[in-house]
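Student: Here it is, the structure in full.
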Amino acid sequence: MKGNFKVNVAVVLLTYMEAENVETLIPAIKGVVSRVTENFDVIVVDDDSPDGTARAAEALGSHVLVRRNERGLGSAIRAGIREALSRGADIIITMDADWQHNPQHIPRLINACLEGADIALGSRRIPGGQLEMGLFRGLISLGAKKLSNIALRSGVKDPTSGFRAYNRRAAEEVLALRTNGYVFQVDSLRLARKRGLRIVEAPISFNSRRHGVSKLGLSEVMEYSGLLFTLLTRRLRTAVDSSGG
Numbered sequence: 032m033k034g035n036f037k038v039n040v041a042v043v044l045l046t047y048m049e050a051e052n053v054e055t056l057i058p059a060i061k062g063v064v065s066r067v068t069e070n071f072d073v074i075v076v077d078d079d080s081p082d083g084t085a086r087a088a089e090a091l092g093s094h095v096l097v098r099r100n101e102r103g104l105g106s107a108i109r110a111g112i113r114e115a116l117s118r119g120a121d122i123i124i125t126m127d128a129d130w131q132h133n134p135q136h137i138p139r140l141i142n143a144c145l146e147g148a149d150i151a152l153g154s155r156r157i158p159g160g161q162l163e164m165g166l167f168r169g170l171i172s173l174g175a176k177k178l179s180n181i182a183l184r185s186g187v188k189d190p191t192s193g194f195r196a197y198n199r200r201a202a203e204e205v206l207a208l209r210t211n212g213y214v215f216q217v218d219s220l221r222l223a224r225k226r227g228l229r230i231v232e233a234p235i236s237f238n239s240r241r242h243g244v245s246k247l248g249l250s251e252v253m254e255y256s257g258l259l260f261t262l263l264t265r266r267l268r269t270a271v272d273s274s275g276g
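Each residue of the sequence shown is one higher than the one before, counting from 32 in the working numbering.
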C-alpha cells in the first residue's frame, strides 16, 4: 500500500516472557509501519515478565505498560487500546509478540481500515492465508471457529484471530467488554456485530513461535467454551420465543 503519512497508528504487543522475541520483533514492526506512516507508536503491555521483557522493549523505544496485579488477555488488550486512544491513534493493531503474527502483514490491516473497515481481522482461513500450528492448538482453533460461527452467525472465517486492526470507533466500543481471556476475541466480534460495525478479513500467515512457550491453557479453553454455550443458549431461546413455542 502507499504511505499515508497523516494516519496515526498504534501497534499493541501483548507480552509475558517474550524478551528474546521482542528484541527482533519491535525493530521489524517499526521498519514496516514507518513505510506506511510517520505517526506511530509501539505499545507493549507486559504482565510483569521476570525475564526482562519490559526492559528490552523500553530499550527499543516502545511505550511499556507493566501490569502487576491484573491478568488475562482481554484486560491486556483493553489496557493497550486505552493507552493507544489516549495517544491519539486512528488505527490500533493488536498482535502477539512471539513472531506467530508476521509484521509484514500489518499494512494489509491498516489499509482495510482506511478503506472503511471498523475491524480488520488477519485471517488464516481465507484464500491467501496460511496456518502453521501444533495439533492441540490447531484443534482448539478449528473447534472454536465452528462453534463461534454457529453462535454468532457472523460468517467470519477466523473469529479467534488476535492479529487485527480497530479503528477508533471499534476500539472505543470494545473497551466496554469485561471478558478477560482468549474469549475476548470472539466477544469483541459479537459486540461489533451488535453495533453494526463492519468486519473484514485479510489473509495472513500464522507461523510457529520463535522462542518461549504458548500461554494458551485449560482455563482459557473453559472460559471460551462458557461464553459460546451462553451465546448458543441465548440463540436457541430467541428462536423458540419467535416461533411461539
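Cβ atoms here follow ideal geometry from the backbone N, Cα and C, with glycine treated the same way.
All of these numbers come straight from a predicted model, not from anything done at the bench.
Among Asn133, Ala128, Thr191, Leu220, which residue has its Cα nearest to the Cα of Asp77?
Tutor: Locating residue 77 in the sequence shown gives position 46, where the first residue counts as 1. That would be Ala128, whose Cα lies nearest to the Cα of Asp77.
Student: Using DSSP bridges, identify the partner residues of Thr46.
Tutor: Start at 1 with the first residue of the sequence shown, and residue 46 comes out as number 15. DSSP output for Thr46 lists Asp77 as bridge partner(s).
Student: Can you round the beta-carbon distance between Ala196 and Ile141 to whole angstroms, since I take them to be within the 8 Å contact cut?
Tutor: Mapped onto the sequence shown, residue 196 falls at position 165. Mapped onto the sequence shown, residue 141 falls at position 110. That pair is a contact at about 6 Å.
Student: Can you grab the Cα-Cα spacing for the pair His94 / Val187, in whole Å?
Tutor: To locate residue 94, count along the sequence shown from 1; it is residue 63. To locate residue 187, count along the sequence shown from 1; it is residue 156. Going by the C-alpha atoms only, they are around 32 Å apart.
Student: Once DSSP output is grouped into helix, strand and coil, what is the label at Thr191?
Tutor: Position 160 of the sequence shown, counting from 1, holds the residue named residue 191. Three-state result, Thr191: coil.
Student: Quick one: grab the DSSP three-state call for Glu2.
Tutor: Since the first residue of the chain shown is 32 and the last is 276, residue 2 is not available in this structure.
Student: The beta strand (DSSP E) with Ala127 in it runs from where to where?
Tutor: Within the sequence shown, numbered from 1, the residue matching residue 127 stands at position 96. According to the sequence as given, residue 127 is Asp; it is not Ala. First-last of the beta strand (DSSP E) with Asp127: 122-127.
Student: Can you tell which of Gly227, Ser80, Glu203 has its C-alpha closest to the C-alpha of Arg102?
Tutor: Residue numbering aside, residue 102 sits at position 71 when the sequence shown is read from its first letter. Ranking Gly227, Ser80, Glu203 by Cα distance to Arg102 puts Ser80 first.
Student: Throw me the rounded Cβ distance for the Val75 and Ala88 pair, which I believe falls under 8 Å.
Tutor: As a working mapping, residue 75 is identified with position 44 in the sequence shown. As a working mapping, residue 88 is identified with position 57 in the sequence shown. Right, the Cβ-Cβ distance comes to about 4 Å (below 8 Å), so this counts as a contact.
Student: Look at the Cβ atom of Gly153, then the Cβ atom of Phe194, and state whether they are nearer than 8 Å.
Tutor: As a first step, residue 153 is located in the sequence shown; it is residue number 122 there, counting from the start. As a first step, residue 194 is located in the sequence shown; it is residue number 163 there, counting from the start. Taking 8 Å as the Cβ cut-off, Gly153 and Phe194 qualify as a contacting pair.
Student: Nearest-angstrom Cα distance between Ala151 and Leu220?
Tutor: Looking up residue 151 in the sequence shown gives position 120. Looking up residue 220 in the sequence shown gives position 189. Rounded to whole angstroms, Ala151 to Leu220 spans 11 Å at the Cα level.
Student: My output table needs one value for His242: the three-state DSSP class, helix, strand or coil.
Tutor: As a first step, residue 242 must be located in the sequence shown, where it is residue number 211. Note that His242 has pLDDT 49, beneath the 50 cutoff, so the model's placement of it is unreliable and the number below is only indicative. In this structure, His242 counts as coil in the three-state DSSP scheme.
Student: Fully enclosed by the stretch 87-113, which alpha helix (DSSP H) runs are 4 residues long or longer?
Tutor: DSSP runs (the alpha helix (DSSP H)) wholly in the stretch 87-113: none.
Student: Which two residues bound the contiguous alpha helix (DSSP H) that contains Leu30?
Tutor: Outside the shown range of the chain (32 to 276) lies residue 30, about which nothing can therefore be said.
Student: Terminal residues of the continuous alpha helix (DSSP H) containing Leu145?
Tutor: Taking the sequence shown and counting its residues from 1, the one referred to as residue 145 is at position 114. That run of the alpha helix (DSSP H) goes 137-145.
Student: So, for Phe71: in the same chain, excluding its five sequence neighbours on each side, which residues have a beta-carbon less than 6 Å away from its beta-carbon?
Tutor: To locate residue 71, count along the sequence shown from 1; it is residue 40. Val40, Val64.
Student: Alpha carbon to alpha carbon, how far is Pro158 from Val43? Give it in angstroms, no decimals.
Tutor: Within the sequence shown, numbered from 1, the residue matching residue 43 stands at position 12. Within the sequence shown, numbered from 1, the residue matching residue 158 stands at position 127. Taking the straight line joining both Cα atoms gives about 26 Å.
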